[in-house]
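The structure appears right after this line, and notes come after that.
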Amino acid sequence: MIIPKTREEIELMRESALVVSRTLGMLAKEVKPGVTTNQLNKMAEDYIRSQDAVPGFLGLYDCPSTLLTSVNEAVVHGLPTDIPLKEGDIVAIDCGAIKNGFYGDHAYTFEVGEVAPEIKKLLKITKESLYVGIREFKAGNRVGDVGFAIQNYCEAHGYGVVRELVGHGLGRKMHEDPEMPNYGRRGRGKKFIEGMTIALEPMINMGTHKVKQLKDGWTIVTQDGQPSAHFEHNIALVNGKPELLSTFAYVYEALGIVSDEEKEFRAN
Numbered sequence: 053m054i055i056p057k058t059r060e061e062i063e064l065m066r067e068s069a070l071v072v073s074r075t076l077g078m079l080a081k082e083v084k085p086g087v088t089t090n091q092l093n094k095m096a097e098d099y100i101r102s103q104d105a106v107p108g109f110l111g112l113y114d115c116p117s118t119l120l121t122s123v124n125e126a127v128v129h130g131l132p133t134d135i136p137l138k139e140g141d142i143v144a145i146d147c148g149a150i151k152n153g154f155y156g157d158h159a160y161t162f163e164v165g166e167v168a169p170e171i172k173k174l175l176k177i178t179k180e181s182l183y184v185g186i187r188e189f190k191a192g193n194r195v196g197d198v199g200f201a202i203q204n205y206c207e208a209h210g211y212g213v214v215r216e217l218v219g220h221g222l223g224r225k226m227h228e229d230p231e232m233p234n235y236g237r238r239g240r241g242k243k244f245i246e247g248m249t250i251a252l253e254p255m256i257n258m259g260t261h262k263v264k265q266l267k268d269g270w271t272i273v274t275q276d277g278q279p280s281a282h283f284e285h286n287i288a289l290v291n292g293k294p295e296l297l298s299t300f301a302y303v304y305e306a307l308g309i310v311s312d313e314e315k316e317f318r319a320n
């Protein structure tokens, strides 16, 4: 059952989402060759707790970490390690926080030093597909409209769209209804309702869409060993239109990136 939120609850969720946004922005300055994902994990936990919040992933489903850090061919759910990041890697950092009783949950895929042009393109298209999907999250549409838009955009560029892992409703629980696949058919699935809040998160592979799980019971990797990208935002349906609760602005400020990609999804 979809759980719509009041305007007051949406504002509380925005606070939770922005804790994660600021955490990702802080980490953006630290992602570099030689740094380990365990080091990033410790920084993130300390920062989240300093924001009068608690890590959203730590202990959830027995998750042992604050961050999920997926390097190169890892799609999602990578556990932090003591292996140093190296030049040319990419690392998808997925982070959650609980504040005011609500979850924030979003992700960004970072370049480590200079990466190959084909990997830059994968990241670019994956992030663009996130906004392509968000535009379809509006009154009168259904879950399948969002999934179709993301799938169509990414497959047109020759990429594989992961099927086994999906976005989700978000609120007082990390995972609420509805599931939000990154593939689908127009006009299918649950209808969007005013006040609903979701985490939309394209997981897009350079090669095959097929994935497998490692023996650690967490890390999902591409079957063909090719890189994967992951970007995630939290969005509310307000006045029939999508409104971003999270932001990449802190990441962009840290990295010196100028972008107006979020402008159309901001409250006036």
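What the sequence shown shows, in my numbering, is residues 53 to 320, in sequence order. Beta carbons: idealized from backbone N, C-alpha and C, even for Gly.
Counting of Cβ neighbours within 10 angstroms places Ile135 among the exposed residues, the total staying below 16.
For Pro169, the enclosing alpha helix (DSSP H) has its first and last residue at Pro169 to Arg187. In the pairwise beta carbon analysis, the stretch 161-172 is classified as touching the stretch 270-287: at least three pairs are separated by under 8 Å. Taking 3 residues as the shortest admissible run, the stretch 87-175 contains the following complete beta strand (DSSP E) segments, listed from N- to C-terminal end: 119-123, 126-128, 142-151 and 154-163. With fewer than 16 other beta carbons inside 10 angstroms of its own, Ala319 counts as exposed. Membership of Val263 in the beta strand (DSSP E) is indicated by the continuous run Val263 to Gln265.
In the DSSP assignment, Ile54 is bridged to Asp229. The C-beta distance from Gly156 to Ser102 rounds to 15 Å, too long to fall under 8 Å, and the pair is not in contact.
The beta carbon of Asp268 is closer than 7 Å to those of Leu131 in its chain, skipping five residues each way along the sequence. The alpha-carbon separation between Arg240 and Lys293 amounts to approximately 19 Å.
Leu110 and Leu76 have their C-alpha atoms some 16 Å from each other.
When Asn286, Glu313 and Phe154 are compared, the shortest CA-CA separation from Gly219 is found for Asn286.
By DSSP's assignment, Ile202 forms no beta bridge with any residue.
Taking C-beta atoms under 8 Å as the contact rule, Tyr211 and Ile256 qualify, at a distance of about 5 Å.
Taken through DSSP and simplified to helix, strand or coil, Ile245 comes out as coil. Following the DSSP letters along the chain, one finds Leu76 inside the alpha helix (DSSP H) bounded by residues Arg59 to Ala80. Here Ala251 carries a strand assignment [DSSP, helix/strand/coil]. For Glu295, the enclosing beta strand (DSSP E) covers residues Lys293 to Leu296.
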